[in-house]
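Asker:
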Amino acid sequence: MQGKYTAPLVGGLVTLLSSVSVNAAGLSLSQIATTESIAMAGVAGVTNNRDSSAMVTNPAGLTGIEDSSYLLGAQVIIVDAEFNNNLGDASSSSTTPIPHLSYAQRVNDKWVLGGSVHAPGGLGLEYKNGLFGANTPTVVNESAIEIVDFTFAAAYQLDENWSLGAAVIAQYASIDMQLLEGTSFANNLSDQDINFAFSLGAQYQLDNWLVGISYKSGSDHEFSYDGMFPAPSALTWPQIVDIGVSYQATERTQLSFSMNWQEWSASGDSLGYQYQDTYGVGIAIRHQLDEWVLMAGASYDSSPIDTAADRTIDLPLDSQWRIGFGAEKKIWGDKWLGIAYQYSDLGQADILMTGPGGINTLVEGSYSKNRAHFITASLRY
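Numbers 910 to 1290, taken from our numbering, label the letters of the sequence shown in order.
1) Hey, residue 1142 and residue 1100: beta-carbon distance below 7 Å or not?
2) My parser needs the beta strand (DSSP E) runs of 3 or more residues fully inside the region 1110-1173; what are they?
3) In chain order, which beta strand (DSSP E) runs of at least 3 residues are fully inside the region 1197-1225?
4) Give me the Cβ distance between residue 1081 and residue 1072, rounded to the nearest whole Å; I'm assuming they're in contact under 8 Å.
5) According to DSSP, simplified to helix, strand and coil, what is residue 971?
6) Use the C-beta contact count for residue 1118: other C-beta atoms within 10 angstroms, 16 or more gives buried, fewer gives exposed.
7) Quick one: what's got a C-beta closer than 8 Å to residue 1162's C-beta in the same chain, skipping five residues either side?
8) Output the distance between the C-alpha atoms of residue 1148 and residue 1257, rounded to the nearest integer angstrom.
9) Are the C-beta atoms of residue 1168 and some chain E residue less than 7 Å apart?
10) To the nearest angstrom, report how far apart residue 973 and residue 958 are at their CA atoms.
11) For a quick check, are the C-beta atoms of residue 1110 and residue 968 less than 7 Å apart?
12) In angstroms, rounded to a whole number, what distance separates the CA positions of residue 1174 and residue 1240?
13) Should residue 1029 go down as buried or exposed, given a rule of 16 or more other Cβ atoms within 10 Å for buried?
14) Whose C-alpha, out of 1104, 1164, 1221 and 1284, is nearest the C-alpha of residue 1129?
15) Need the endpoints of the alpha helix (DSSP H) that residue 946 sits in, please.
16) For residue 945 and residue 1168, which I take to be in contact (beta-carbon distance under 8 Å), what is that distance rounded to the nearest angstrom?
17) By DSSP's criteria, residue 986 is part of a beta bridge. Which residues make up the other side?
18) Whose CA, out of 1172, 1255 and 960, lies closest to the CA of residue 971?
19) Buried or exposed for residue 1102, please, with buried defined as at least 16 other CB atoms from any protein chain shown within 10 angstroms of its CB.
20) Taking just the CA atoms, how far does residue 1274 sit from residue 954?
21) For residue 1199, count the other beta carbons within 10 Å of its own beta carbon; 16 or more makes it buried, fewer makes it exposed. Which is it?
22) In this structure, how does DSSP classify residue 1253 when only helix, strand and coil are distinguished?
23) DSSP has residue 1102 in a bridge; who is on the other side?
24) Taking 7 Å as the threshold (C-beta atoms), are residue 1176 and residue 1145 in contact?
25) Using the three-state DSSP reduction, which class does residue 933 fall into: helix, strand or coil?
26) Between which two residues does the alpha helix (DSSP H) containing residue 963 stretch?
27) Consult DSSP for residue 996 and reduce its assignment to one of helix, strand or coil.
28) When you compare only the Cα positions, how much space is there between residue 867 and residue 966?
29) What is the C-beta distance between residue 1286 and residue 1247, in whole angstroms, given that I count them as a contact (C-beta under 8 Å)?
30) What does the alpha-carbon distance come out to for the pair residue 1283 and residue 1106?
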C-alpha cells in the first residue's frame, strides 16, 4: 500500500486533529478552524494576507506578514441529523473538536516561510439507533473517512502588486467502517495512509482591490482490510480551485466575494460512486473598529450527487449552505482573541435504493433535519 504509516506519533496527532466525520454529510471544508474563516463562511480565505493561516487557503497571502505570525484555533462541530425512511426513522448527533495550528516567519524582504496542521474535511455518518430506527440491525452502522494535512509553505513578493506562494502537503487519511453491529456478523474495517499533495497561489493588489487565486492538487490514498465484507480500497481527495476578490470599501470596511470548484467526480470514481464536480460561491464583510473586528459571511456549495438513486446510505452527500458571524478583540500588543459561530445546512439528501434491475425499493427516505453548528475560538499574533 502506498505510503502507509502506523507510527504512534501520527496516530496521536490524528486523534487530536480528528477531522470532520460528520453524520450524514460530506465536507471538503472551504473554511478552517479560525475565527475569521468560520465567521466569514470561508469566503475571504483566498484573499487572506493577514496571518499564518493563509498558507492553508492561499500561500501567496503569507507575504502580507511583516515579521512573524502564529495562529491557534479551537473549533467544535455539533451535528444533528434525522433520517426519515420507508422503514422507520433514525436520528443521530455528534460533537467533534477540530484545532488549527500555524506559524509563519519572514526571512527577508521577499520571502516568508511557514508550517501548519489542520483538517481539510472528511466524509462520514453514524446511525446510533440503526439505519431504520428502533435500534434495528443495519449493514452500515458507522462510516468515516478522515483527513489531516501537514502543510509547509513558502511565499515570494514578486513586486509591489504581485505575490506568489506554494506549499507541500503531507496528507494523512484514515477510513473506518462498523458493519452489522448487534449481529453475529459484526465487523470493523479500518486502515490509514499518508500521501503527498501541493498547493499554488497568487495574489494581485491594486489600490483598494485584492484578487486571489489558489489551486490544491488532489491526492490518492489506498487502503486494505482484513474482513469478509468489501469496502473502498482507494480514495481520491478532490482537486480544488478558489478564486476571490476583496474590496476595501472604506478605511474600516472590507467586502469579499469568492467562487470555488471541487473535483468530486474523481472522488466518486475512486469509491465506485456516481459523483459530479461541485461549485461554490460566497460573500462576506469585515468591519474594523478601534480594538474590535466584526465579521459575517454566507456561502453555498452545490451537491456532488445529482439524483436520489445515486445517493447511498454510507455517504449521503448533498448541497450545503452556511452563514456565520464573529468578532475579534485586541487583548494586548498585536494579539487578537476571537470567537465565531456558523450554521450549516447539510441538505435534504434524498435516498432511493432499489434491488437488482431497479425493480424493488429497498430504502427510500430523506433527512428532515441535517445541520451542523460550528463554534470557534482563536488567538492570532
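Even glycine gets a Cβ: it sits at the ideal position worked out from N, Cα and C. Here the structure is a predicted model, which is why all the values come from computation and not from measurement.
Answerer: Put simply:
1) Indexing the sequence shown from 1 puts residue 1142 at position 233. Indexing the sequence shown from 1 puts residue 1100 at position 191. Against a cut-off of 7 Å, the Cβ pair of residue 1100 and residue 1142 comes out as no contact.
2) For the region 1110-1173, the full-length beta strand (DSSP E) segments reaching 3 residues or more read 1118-1125, 1128-1131, 1143-1146, 1149-1157 and 1162-1171 along the chain.
3) Qualifying beta strand (DSSP E) stretches, in chain order: 1201-1210.
4) Here residue 1081 refers to the residue found at position 172 when the sequence shown is read from its first residue. Here residue 1072 refers to the residue found at position 163 when the sequence shown is read from its first residue. Not a contact, Cβ separation roughly 29 Å.
5) Numbered from its first residue, the sequence shown carries residue 971 at position 62. Residue state, collapsed to three classes: helix.
6) Sequence index remark: in the sequence shown, residue 1118 carries index 209 (1-based). The residue in question, residue 1118, is exposed, as its Cβ has fewer than 16 Cβ neighbours within 10 Å.
7) Locating residue 1162 in the sequence shown gives position 253, where the first residue counts as 1. Within the same chain, residue 1162 has close Cβ partners 1194, 1195, 1196 and 1197.
8) Mapped onto the sequence shown, residue 1148 falls at position 239. Mapped onto the sequence shown, residue 1257 falls at position 348. Between residue 1148 and residue 1257, the C-alpha separation is close to 25 Å.
9) No chain E appears in this structure, which consists of one protein chain only.
10) Against the sequence shown, residue 973 aligns to sequence position 64. Against the sequence shown, residue 958 aligns to sequence position 49. Those two C-alpha atoms are separated by around 5 Å.
11) The residue you call residue 1110 lines up with position 201 of the sequence shown. The residue you call residue 968 lines up with position 59 of the sequence shown. Yes, the pair counts as a contact, with Cβ atoms nearer than the cut-off.
12) By one-based count along the sequence shown, residue 1174 stands at place 265. By one-based count along the sequence shown, residue 1240 stands at place 331. One C-alpha to the other measures close to 45 Å.
13) Translated into the one-based positions of the sequence shown, residue 1029 becomes position 120. The residue in question, residue 1029, is buried, as its Cβ has 16 or more Cβ neighbours within 10 Å.
14) In the sequence shown, the residue the question calls residue 1129 occupies position 220. The candidate whose alpha carbon is nearest that of residue 1129 is 1104.
15) For this step, residue 946 is matched to residue 37 along the sequence shown. Per DSSP, the continuous alpha helix (DSSP H) segment holding residue 946 begins and ends at 944-948.
16) Looking up residue 945 in the sequence shown gives position 36. Looking up residue 1168 in the sequence shown gives position 259. Contact doesn't hold; Cβ gap of about 19 Å is too wide.
17) Here residue 986 corresponds to residue number 77 of the sequence shown, with the count starting at 1. Residue 986 pairs with 1005 and 1283.
18) Taking the sequence shown and counting its residues from 1, the one referred to as residue 971 is at position 62. Per the Cα distances, 960.
19) For this step, residue 1102 is matched to residue 193 along the sequence shown. Looking at its Cβ environment, which holds 16 or more other Cβ atoms inside 10 Å, residue 1102 is buried.
20) One-based indexing of the sequence shown puts residue 954 at position 45. One-based indexing of the sequence shown puts residue 1274 at position 365. Taking the straight line from one Cα to the other gives about 36 Å.
21) Counting from one through the sequence shown, the residue named residue 1199 turns up at place 290. Residue 1199 should be labelled exposed.
22) Locating residue 1253 in the sequence shown gives position 344, where the first residue counts as 1. Three-state DSSP puts residue 1253 in a strand.
23) To locate residue 1102, count along the sequence shown from 1; it is residue 193. Under DSSP, residue 1102 takes part in a beta bridge, and its partners are 1082.
24) As a first step, residue 1145 must be located in the sequence shown, where it is residue number 236. As a first step, residue 1176 must be located in the sequence shown, where it is residue number 267. Contact flag set, yes.
25) Position 24 of the sequence shown holds residue 933. Confidence is the limiting factor: at residue 933 the pLDDT is only 35, short of 50, which leaves the residue's position unreliable and the question unanswerable from this model.
26) Against the sequence shown, residue 963 aligns to sequence position 54. Counting along the chain, the alpha helix (DSSP H) containing residue 963 begins and ends at 963-966.
27) What you label residue 996 is simply residue 87 of the sequence shown in a count that begins at 1. The DSSP-derived three-state label of residue 996 is coil.
28) Outside the modelled stretch of the chain, which goes from 910 to 1290, sits residue 867, for which no answer is possible.
29) The residue given as residue 1286 occupies position 377 in the sequence shown. The residue given as residue 1247 occupies position 338 in the sequence shown. At roughly 7 Å, the Cβ-Cβ gap stays under 8 Å, so residue 1286 and residue 1247 are in contact.
30) For the purposes of this step, residue 1283 is taken as the residue at position 374 of the sequence shown. For the purposes of this step, residue 1106 is taken as the residue at position 197 of the sequence shown. C-alpha separation (whole angstroms): 27 Å.
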